[in-house]
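As they're listed, the protein sequences go chains A and B.
Residue numbering for the first sequence is 1 to 123, as defined by the UniProt record's numbering.
Residue numbering for the second sequence is 1 to 123, as defined by the UniProt record's numbering.
Ideal Cβ placement from N, Cα and C applies to all residues, glycine included.
Here the structure is a predicted model, which is why all the values come from computation and not from measurement.
There are 2 protein chains.
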Amino acid sequence: MPTDQLSKTFAALADPTRREILARLSSGAASVSEIAEPFDMTMPAISKHLKVLEKAGLVIRGKAAQWRPRKLNAEPMKGVSEWLENYRQHWEDRLDRFDAFLTDLQPDKYDDAGSTKKKEAKP
Amino acid sequence: MPTDQLSKTFAALADPTRREILARLSSGAASVSEIAEPFDMTMPAISKHLKVLEKAGLVIRGKAAQWRPRKLNAEPMKGVSEWLENYRQHWEDRLDRFDAFLTDLQPDKYDDAGSTKKKEAKP
DNA sequence: CGGTTATATAACTATATAGTTACATGCATG
DNA sequence: CATGCATGTAACTATATAGTTATATAACCG
Chain A
1 MPTDQLSKTF AALADPTRRE ILARLSSGAA SVSEIAEPFD MTMPAISKHL KVLEKAGLVI
61 RGKAAQWRPR KLNAEPMKGV SEWLENYRQH WEDRLDRFDA FLTDLQPDKY DDAGSTKKKE
121 AKP
Chain B
1 MPTDQLSKTF AALADPTRRE ILARLSSGAA SVSEIAEPFD MTMPAISKHL KVLEKAGLVI
61 RGKAAQWRPR KLNAEPMKGV SEWLENYRQH WEDRLDRFDA FLTDLQPDKY DDAGSTKKKE
121 AKP
């Protein structure tokens with residue numbers, strides 16, 4: 001279980017329930033009961049999901065009477081977004097083709113690694 | 001273990017070793033041995049990491065003689081990027097303040113959920 | 001063919017995760 | 001101060017993950 005911030009953030013986001021919780025919180029703070037309401041799951045289960053989100057810094061716990069309202073803190077997502085930018089060119093069409101062009105320039109020893117283009121049979 | 005694409009992608013990215021592998025592959029395809037070289041880890045361990053990346057669709061396995069070169073496929077990251085966009089406003093300063101402004105407009109029952117601002121004591 | 005190289009798989013261990021039920025704590029209020 | 005609501009924690013189960021060593025497969029090369 002890696003403990004660096006980026007890994008914790010990715011791990012926290014790797015669950016649909018937790019992503020739904022974040023979506024709920026993106027429109028405002030909510031109590032634990034309110035958060036739990038849409039889910040077919042016991043409160044302790046939700047409580048655990050919230051703890052994961054808190055440890056990743058994606059959610060902040062407040063205090064109001066007997067409530068412990070949770071609030072979204074999207075800041076860690078910034079790190080994810082920045083990390084992703086290193087790869088944007090790889091999934092954007094225009095540059096994908098440019099990448100393919102470069103790859104084709106240097107007939108690499110691994111030019112068959114999942115390429116869609118068929119390799120010429122040796123004559 | 002959630003099986004939806006987004007969860008698999010996030011989970012695959014939640015490990016520094018796997019992210020390093022992707023970084024390596026971002027500069028071109030590589031054999032498994034080449035991928036494993038920088039790591040203080042046995043080959044089967046790397047092999048397992050590669051399988052996780054493949055199942056998430058982030059890596060494609062090729063075939064060349066006795067090599068099974070891996071190639072980056074960043075396409076699933078597009079989904080991550082798009083999902084993240086829903087939250088960008090929350091981490092960008094300008095809109096964070098706008099959000100705080102809106103929150104302050106409607107004195108919410110949960111307005112103390114981790115807010116930095118002190119609530120007025122009831123007179 | 002037989003050895004070497006590259007990679008994959010099996011079997012095992014340790015730890016983490018996601019859920020459960022049962023119980024404990026804390027605060028507000030009649 | 002006793003009761004009830006909101007939440008948290010403990011203890012337990014089942015499954016998944018990350019690593020190991022040992023073994024298997026597969027292709028090339030002399």
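Item                                                                                                                      : Value
Element boundaries [beta strand (DSSP E), containing B:L72]                                                               : R70 to L72
Closer than 7 Å at the beta carbon, the chain B residues around A:H49                                                     : Within chain B, no residue comes near A:H49; the closest Cβ sits about 12 Å away, beyond 7 Å.
For B:A12, the three-state DSSP class (helix, strand or coil)                                                             : helix
Alpha-carbon spacing of B:D40 relative to A:S33, whole angstroms                                                          : 46 Å
Through-space distance from B:S26 to B:R68, alpha-carbon basis                                                            : 17 Å
B:S31 versus B:A74, B:R61 and B:T3, residue with shortest Cα-Cα distance                                                  : B:R61
Cut-off 8 Å between Cβ atoms - residues of its own chain near A:F10, not counting five sequence neighbours on either side : V80
Positions along the stretch 5-17 of chain B whose CB lies within less than 7 Å of some CB in chain A                      : S7, F10, A11, L13, A14, D15 and P16
Close-in-space but distant-in-sequence residues of the same chain around B:P38 (CB under 8 Å, 5 per side omitted)         : E20 and R24
Reduced DSSP secondary structure (H/G/I, E/B, other) of A:A56                                                             : coil
A:G81 at chain B interface by Cβ criterion, 9 Å                                                                           : The sequence given here has Ser at residue 81 of chain A, not Gly. Yes, its Cβ sits closer than 9 Å to a Cβ of chain B.
Under the three-state DSSP convention, the category A:A30 falls into                                                      : strand
Alpha-carbon spacing of residue 148 of chain B relative to A:K78, whole angstroms                                         : Here chain B comprises residues numbered 1 to 123, so residue 148 of chain B is not present and cannot be evaluated.
Three-state class that DSSP yields for A:A65 in the structure shown                                                       : coil
Of the listed residues A:R70, A:L6, A:A65 and A:E82, nearest to A:A36 (C-alpha basis)                                     : A:R70
Cβ separation of A:S7 and B:P16, assumed to be a contact under 8 Å, to the nearest whole Å                                : 6 Å
Cβ-based contacts, 8 Å cut-off: residues of the stretch 45-74 of chain B near chain A                                     : I60, R61, G62, K63, A64, W67, P69, R70, K71, L72, N73 and A74
Closer than 9 Å to chain B by CB, A:P2                                                                                    : yes
Test: B:S33 CB closer than 9 Å to a CB of chain A                                                                         : no
CB contact check: A:A36 to chain B, cutoff 9 Å                                                                            : no
Cα-Cα separation between A:A12 and A:A56, rounded to whole angstroms                                                      : 7 Å
Where B:T3 falls: helix, strand or coil (DSSP)                                                                            : coil
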